[in-house]
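Novice: Numbering (mature numbering (1 follows the signal peptide of the UniProt record, and there is no 0)), first residue to last: -21 to -1, 1 to 445. Beta carbons: idealized from backbone N, C-alpha and C, even for Gly. All figures in this text were calculated on a predicted structure; none of them were measured in a lab.
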């Protein structure tokens, strides 16, 4: 029988709309003011990971302050003329070093540091940068015999930034920053001291809440359960979830393979696998004060964050579709137990994972991933029809329901999932606001966390260096 493509077309349109709703910012970068976090450095963190934004647009703030000074009501006629410093480890060729060779007539190596002067020597062939306290003119004098004291810090004075140094709050590039953006030209690379080059297009990981701003410790700690109790809670959920799969396959072995064609069971397997992985993370944190998740590469951390989003949203979709569309009663005790486990208790697990851990609100950018998952399952359903000869869900039969009705079901399920996503996100935001902002419950951490010195607990109980 020919496969109907109406559902695929409808999902493609909805997916395109979702992607259009999350456009990335234009690829460019600018110097932003940053300060160090109150946390010590750990392996795997770049130097810029230990900073946090003070202002994403300091140039706008500076212009606003300038407009205030120039307003008729202002009593200040001054301008901020404080110097700007650049942390340069290796000076460019045009920057002469203290007591180093310089040549006033040359285009390079002629700029001595501040409080130094390019002074001619009696040999007439070279000049050196001498302190102005030693020689105040460029006229040739006796060759300077020394001493040549060294300094840990040297400063050069410019009236404007050279082309390879970024202006304060200005454009910056990517080749000379410790963890710089690659979204701009390689010129104007080095930001002033106290600023860092930040891409104005948020990174993929930052958009998906994989960054120091979203501590991973929230996934394996609870806002009210001590670490040991939280571990037992995770183990109990995991045990029951595994038992459901084992008992179902033991009592109905002939259906073990076909269950992978049903979105219900795929979702339940997803819940079980997430609980197993989360149990491992929670146990490692309880045991050592540091979770496996913290040492994983960022792409695996991203998958874990996305995994969490799916198990707190998709079970509600499964529950809603089953009880609203598919349920027609139970014929025996096994059916009642099995369907309640995978169509009702799955939502209970999702609710517990929303409310018990300290997880952050799920990011909006995950919505296109959900649409892709639902679209991918639609392919599985029609492959099952083509190879096994049956529809996993009756509303997918376009020949009986009609192409328009089938497409309406598919689009409705996707739209309903997006609405459920927004509701779940809102509930998590509410939980964080009530527990942390109002009740001051910042989380229960493993005693081994602080005692081993592997993690820094912030002033409000937050584990901030993960």
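(1) Just to confirm, are residue 335 and residue 188 a CB contact at a threshold of 8 Å?
(2) Bridge partners for residue 201 per DSSP, in chain order?
(3) In the DSSP assignment, find the alpha helix (DSSP H) that holds residue 224 and state where it starts and stops.
(4) Based on the DSSP output, what are the partners of residue 98 in its beta bridges?
(5) In whole angstroms, what is the alpha-carbon distance linking residue 95 and residue 133?
(6) Take the Cβ of residue 355 as the centre, count every other Cβ of all protein chains shown within 10 Å, and call the residue buried at 16 or more, exposed below.
(7) Should residue 325 go down as buried or exposed, given a rule of 16 or more other Cβ atoms within 10 Å for buried?
(8) Spell out a yes or no on whether the segment 376 to 389 and the segment 243 to 261 are touching, meaning 3 or more CB-CB pairs, one atom from each, closer than 8 Å.
(9) According to DSSP, is residue 80 part of a helix, a strand, or is it coil?
(10) Would you report the Cα separation of residue 69 and residue 171, rounded to the nearest angstrom?
(11) Please list the terminal residues of the continuous alpha helix (DSSP H) segment that includes residue 382.
(12) Quickly, what does DSSP pair residue 325 with across the bridge? List them, please.
(13) Any C-beta of chain E sitting closer than 8 Å to the C-beta of residue 171?
(14) So is residue 225 buried or exposed if we call it buried at 16+ other beta carbons inside 10 Å?
(15) What does residue 120 pair with, by DSSP beta-bridge criteria?
(16) For residue 192, which option in 420, 412, 131 and 338 has the closest C-alpha, if you only look at C-alpha atoms?
(17) If you draw a straight line from the alpha carbon of residue 131 to that of residue 120, how long is it in whole angstroms?
(18) Would the segment 384 to 404 and the segment 284 to 303 be scored as touching if the rule is three or more Cβ pairs under 8 Å?
(19) Assign residue 418 to one of three DSSP states: helix, strand, or coil.
Specialist: So, from the listed chains and residues:
(1) no
(2) 336 and 423
(3) 206 to 230
(4) 107
(5) 10 Å
(6) exposed
(7) buried
(8) no
(9) strand
(10) 15 Å
(11) 382 to 411
(12) In DSSP, residue 325 forms no bridge with anything.
(13) In the displayed structure, chain E is absent; only one protein chain is listed.
(14) exposed
(15) 100
(16) 338
(17) 28 Å
(18) yes
(19) coil
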